[in-house]
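Novice: Have a look at the structure that comes next, please.
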Amino acid sequence: MREIVLINITGEDRAGLTAAITGVLANNGVNMLDIGQAVIHGVLSLGYLVEIEQADQVSAVLKDLQPLIANEGLQLRFDPITEAHYQRWVNEQSQKRHVVTLMSRQVTAQQLLRVTSVISQHGLNIEQTDRLSGRVPLDAPTHLSKSCIELRVTGEVADLEALRAEFFDLSQALNIDIALQEDTLFRRNRRLAVFDMDSTLIEAEVIDELAKAAGVGDKVAAITERAMAGELDFKASFKERLALLQGLDVGVLDAIGASLRLTEGAEVLFAELKRLGYKTAILSGGFTYFAKQLQAKLGIDYVFANELQVVDGKVTGVAVEPIVDAQRKADLLRELAQKEGLSLEQTIAVGDGANDLAMLAIAGLGVAFRAKPLVKKSAKHAISTLGLDGVLYLLGQRDRNSQG
């Protein structure tokens, strides 16, 4: 009569150890049902779920393993598994799977405790835990560090919105980003990423910088803040702000463009997206003049932004239609996806303001980046603690795999 056995081996890792242990099992003709391996700081944890065709072979397998285990200073555990237990495990593979991603400058035990407690309270089981971020030296500056832990969980979520709401509250209280995604094939098969520009790709609102040069900085900045927070209609507020720029000398544009700083992680993100075969786009309520500069710097495929009308070397203050507002951004995302032969589920959208919400809502992965409170609460995913390259963690990318 066959036996199913779970074999757990722990101890100091070395090259060739897995092959040596598997060789013993192969010599005994066992069938592999499952295998899992992890190495943390040089310590190996290796598990095999095996089928041994005859019960009397179990002692032979154990006897053959023991010399190797003793010579290597390892610890060995044999646990018999009933067929009923094994069948329940097989049946669980049809359960829904989700991925919970934790991001911060440094993930603490307290943060992990609170998140995993919520997962448990919602009846979900953590099946696998991985660190996606690279190894960080102890003396590395905290403000530049990145920490990301990915939890794969199984089970039916009775109230998905309630779970998201609890994660949102935790993220606010603990200064950590928590993302919940269904683990589908689309997660690793997205191919189009679109981005807002101002306060997303760059650390400024360009229209505010233009307003400073025109001597109306405070007035325009106040309107911009309210528009991005969703308190004002974007199109109307854009026209109002642009009118205040009438007469601005075009000569200031180059200096302003040269002063714009890329957001942390932008260059890494775009280099990696290009390596992975993504098409990228800027969908901005800002100005084409500056978006084109970013396009050249980051190798972006498409740019859609507003035209800054200039006559006789002066800004006219008149808006050129169509204005890229919230609805226009969503329409452009749909058009680009269709042009590239992709479903919306295969797209990513990233932005910070209320005029980004429409495109974030229809994208397969919509990310509110360092966003205004309304936007962060409304979007399904948010990154506030890390740079733009944190988007790669939501795709399951590890730092060690990145060439950016």
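Quick note: the sequence shown uses the numbering used here, first residue 82, plus one each step.
Where is the CB? At the ideal position from N, CA and C, for every residue including glycine.
Note that the structure is predicted; figures quoted are calculated from it, not measured.
1) Quick check on the burial criterion: 16 or more other C-beta atoms within 10 angstroms. Buried or exposed for Gly-104?
2) Does the Cβ of Ile-133 have 16 or more other Cβ atoms within 10 Å, making it buried, or fewer, making it exposed?
3) Assign Asp-220 to buried or exposed, taking buried as 16 or more other Cβ atoms, counted over all protein chains shown, within 10 Å of its Cβ.
4) So the candidates are Leu-438, Leu-343, Ala-377 and Val-396; which of them puts its Cα closest to the Cα of Gly-468?
5) Using the rule of at least 16 other Cβ atoms within 10 Å of the residue's Cβ for burial, across every protein chain shown, is Ile-116 buried or exposed?
6) According to DSSP, is His-203 part of a helix, a strand, or is it coil?
7) Does the contact criterion of 3 or more C-beta pairs under 8 Å hold for the segment 428–446 versus the segment 181–198?
8) Helix, strand or coil: which one does DSSP assign to Met-184?
9) What are the boundary residues of the beta strand (DSSP E) that Asn-482 is part of?
10) Could you pull the start and end residues of the alpha helix (DSSP H) that Tyr-474 belongs to?
11) DSSP three-state label for Phe-290, please.
12) Given Val-287, which residues of its chain have a CB within under 8 Å of its CB, disregarding the five upstream and five downstream residues?
13) With distances taken Cα to Cα, identify the nearest neighbour of Val-171 among Ser-228, Arg-356 and Thr-235.
14) With a CB to CB cut of under 6 Å and the five nearest residues on each side skipped, what residues in its chain are close to Leu-106?
15) Nearest-angstrom Cα distance between Ala-152 and Asn-89?
16) Please classify Phe-159: is it buried, with 16 or more other beta-carbons within 10 angstroms of its beta-carbon, or exposed?
17) For Ser-140, count the other beta carbons within 10 Å of its own beta carbon; 16 or more makes it buried, fewer makes it exposed. Which is it?
18) Could you tell me the distance, in whole angstroms, from the CA atom of Gly-485 to the CA atom of Gln-135?
19) In the structure shown, what three-state DSSP assignment does Leu-225 receive?
20) By the three-class DSSP mapping on this structure, what secondary structure does Thr-397 have?
21) Report the residue from Gln-118, Lys-457 and Glu-84 whose alpha carbon sits nearest the alpha carbon of Thr-210.
22) Please report how far the alpha carbon of Val-301 lies from the alpha carbon of Gly-434, in whole angstroms.
23) Assuming Leu-323 contacts Ala-400 under a Cβ cut-off of 8 Å, what Cβ separation, rounded to an integer in Å, is found between them?
24) Quick one: what's Ile-88 bridged to in DSSP?
25) To the nearest angstrom, report how far apart Gly-432 and Ala-452 are at their CA atoms.
26) Verify whether the separation of the beta carbon atoms of Val-86 and Pro-148 is less than 8 Å.
27) By DSSP's criteria, Phe-385 is part of a beta bridge. Which residues make up the other side?
28) Is it buried or exposed for Gly-204, if we count other Cβ within 10 angstroms and need 16 for buried?
29) Restricting to Cα atoms, I'd like to know which of Leu-364, Asp-382 and Val-448 is closest to Leu-414.
30) I need the DSSP call for Asn-256, collapsed to helix, strand or coil.
31) Would you tell me roughly how many angstroms separate the C-alpha atoms of Glu-416 and Gly-422, rounded to the nearest one?
32) Among Gln-156, Gly-110, Lys-395 and Tyr-129, which one has its Cα closest to the Cα of Gly-92?
33) Return the CA-CA distance between Cys-229 and Arg-481, expressed in angstroms with no decimal places.
34) Among Ala-430, Arg-233, Ala-260 and Leu-273, which has the Cα closest to the Cα of Glu-242?
35) Under a three-way DSSP split, which group does Asn-270 fall into?
Specialist: Per the coordinate set shown:
1) Position 23 of the sequence shown, counted from the start, is the residue given in the question as residue 104. Under this definition Gly-104 is an exposed residue.
2) Residue mapping note: residue 133 aligns to position 52 of the sequence shown, counting from 1. Classification of Ile-133: buried, given that the 10 Å Cβ count is 16 or more.
3) Numbered from its first residue, the sequence shown carries residue 220 at position 139. Exposed: under 16 other Cβ atoms inside 10 Å.
4) Taking the first residue of the sequence shown as 1, we reach residue 468 at position 387. Among Leu-438, Leu-343, Ala-377 and Val-396, the Cα nearest to that of Gly-468 is on Leu-343.
5) Position 35 of the sequence shown, counting from 1, holds the residue named residue 116. Its Cβ having fewer than 16 others within 10 Å, Ile-116 is exposed.
6) Position 122 of the sequence shown, counted from the start, is the residue given in the question as residue 203. Of the three classes helix, strand and coil, the one that applies to His-203 here is coil, per DSSP.
7) no
8) For this step, residue 184 is matched to residue 103 along the sequence shown. For Met-184, the secondary structure class from DSSP, reduced to helix, strand or coil, is strand.
9) The residue labelled residue 482 in the question sits at position 401 within the sequence shown. Annotation for Asn-482: no beta strand (DSSP E) segment contains it, and DSSP assigns it neither H nor E.
10) To locate residue 474, count along the sequence shown from 1; it is residue 393. First-last of the alpha helix (DSSP H) with Tyr-474: 472–475.
11) Translated into positions along the sequence shown, residue 290 becomes position 209. Before going on, a small fix: residue 290 reads as Glu here, not Phe. Glu-290 falls in the helix class under three-state DSSP.
12) On the sequence shown, position 206 is the one that residue 287 refers to. Only Met-278, Asp-279, Ile-337, Leu-341, Gly-367, Phe-368 and Phe-371 meet the Cβ criterion.
13) One-based indexing of the sequence shown puts residue 171 at position 90. When only C-alpha atoms are compared, the closest one is Thr-235.
14) Counting from one through the sequence shown, the residue named residue 106 turns up at place 25. Contacts found: none.
15) Locating residue 152 in the sequence shown gives position 71, counting from the first residue. Locating residue 89 in the sequence shown gives position 8, counting from the first residue. Reading the sequence as shown, one finds Asn at residue 152 and not Ala. Straight-line Cα distance between these residues: approximately 17 Å.
16) Translated into positions along the sequence shown, residue 159 becomes position 78. A residue is called buried once 16 or more other Cβ atoms fall within 10 Å of its Cβ, and Phe-159, having fewer, is exposed.
17) If you number the sequence shown from 1, residue 140 lands on position 59. When all chains shown are included, Ser-140 counts as exposed.
18) If you number the sequence shown from 1, residue 485 lands on position 404. If you number the sequence shown from 1, residue 135 lands on position 54. Its pLDDT being 48, under 50, Gly-485 is placed unreliably in this model, and the value from its coordinates should be taken loosely. Computed Cα separation, rounded: 52 Å.
19) Within the sequence shown, the letter at position 144 stands for residue 225. Of the three classes helix, strand and coil, the one that applies to Leu-225 here is helix, per DSSP.
20) By one-based count along the sequence shown, residue 397 stands at place 316. The answer is strand: DSSP assigns Thr-397 an E or B state.
21) Residue 210 sits at position 129 when you count from the first residue of the sequence shown. It is Gln-118.
22) One-based indexing of the sequence shown puts residue 301 at position 220. One-based indexing of the sequence shown puts residue 434 at position 353. If you take the alpha carbons of Val-301 and Gly-434, they lie about 16 Å apart.
23) Stepping through the sequence shown from its first residue, residue 323 is reached at position 242. Stepping through the sequence shown from its first residue, residue 400 is reached at position 319. About 5 Å separates the two Cβ atoms, so the contact holds.
24) Mapped onto the sequence shown, residue 88 falls at position 7. According to DSSP, Ile-88 bridges with Tyr-129 and Phe-159.
25) By 1-based counting over the sequence shown, the position of residue 432 is 351. By 1-based counting over the sequence shown, the position of residue 452 is 371. Approximately 7 Å between the Cα atoms of the pair.
26) Indexing the sequence shown from 1 puts residue 86 at position 5. Indexing the sequence shown from 1 puts residue 148 at position 67. In terms of Cβ geometry, Val-86 and Pro-148 do not form a close pair [threshold 8 Å].
27) As a first step, residue 385 is located in the sequence shown; it is residue number 304 there, counting from the start. DSSP output for Phe-385 lists Leu-364 as bridge partner(s).
28) Along the sequence shown, read from residue 1 onward, the residue named residue 204 stands at position 123. So Gly-204 ends up on the exposed side.
29) What you label residue 414 is simply residue 333 of the sequence shown in a count that begins at 1. Of Leu-364, Asp-382 and Val-448, the residue nearest in Cα terms is Leu-364.
30) Counted from its first residue, the sequence shown places residue 256 at position 175. Asn-256 falls in the coil class under three-state DSSP.
31) Residue mapping note: residue 416 aligns to position 335 of the sequence shown, counting from 1. Residue mapping note: residue 422 aligns to position 341 of the sequence shown, counting from 1. Roughly 10 Å separates the two Cα atoms.
32) Translated into positions along the sequence shown, residue 92 becomes position 11. With distances taken between CA atoms, Gly-92 lies nearest to Gln-156 out of Gln-156, Gly-110, Lys-395 and Tyr-129.
33) Here residue 229 is taken as the residue at index 148 of the sequence shown, counted from 1. Here residue 481 is taken as the residue at index 400 of the sequence shown, counted from 1. When rounded, the distance between both Cα atoms is 13 Å.
34) Here residue 242 refers to the residue found at position 161 of the sequence shown. For Glu-242, the closest C-alpha among the options Ala-430, Arg-233, Ala-260 and Leu-273 is that of Ala-260.
35) Along the sequence shown, read from residue 1 onward, the residue named residue 270 stands at position 189. Look at Asn-270 here: in three-state DSSP terms it is coil, with no helix or strand label.
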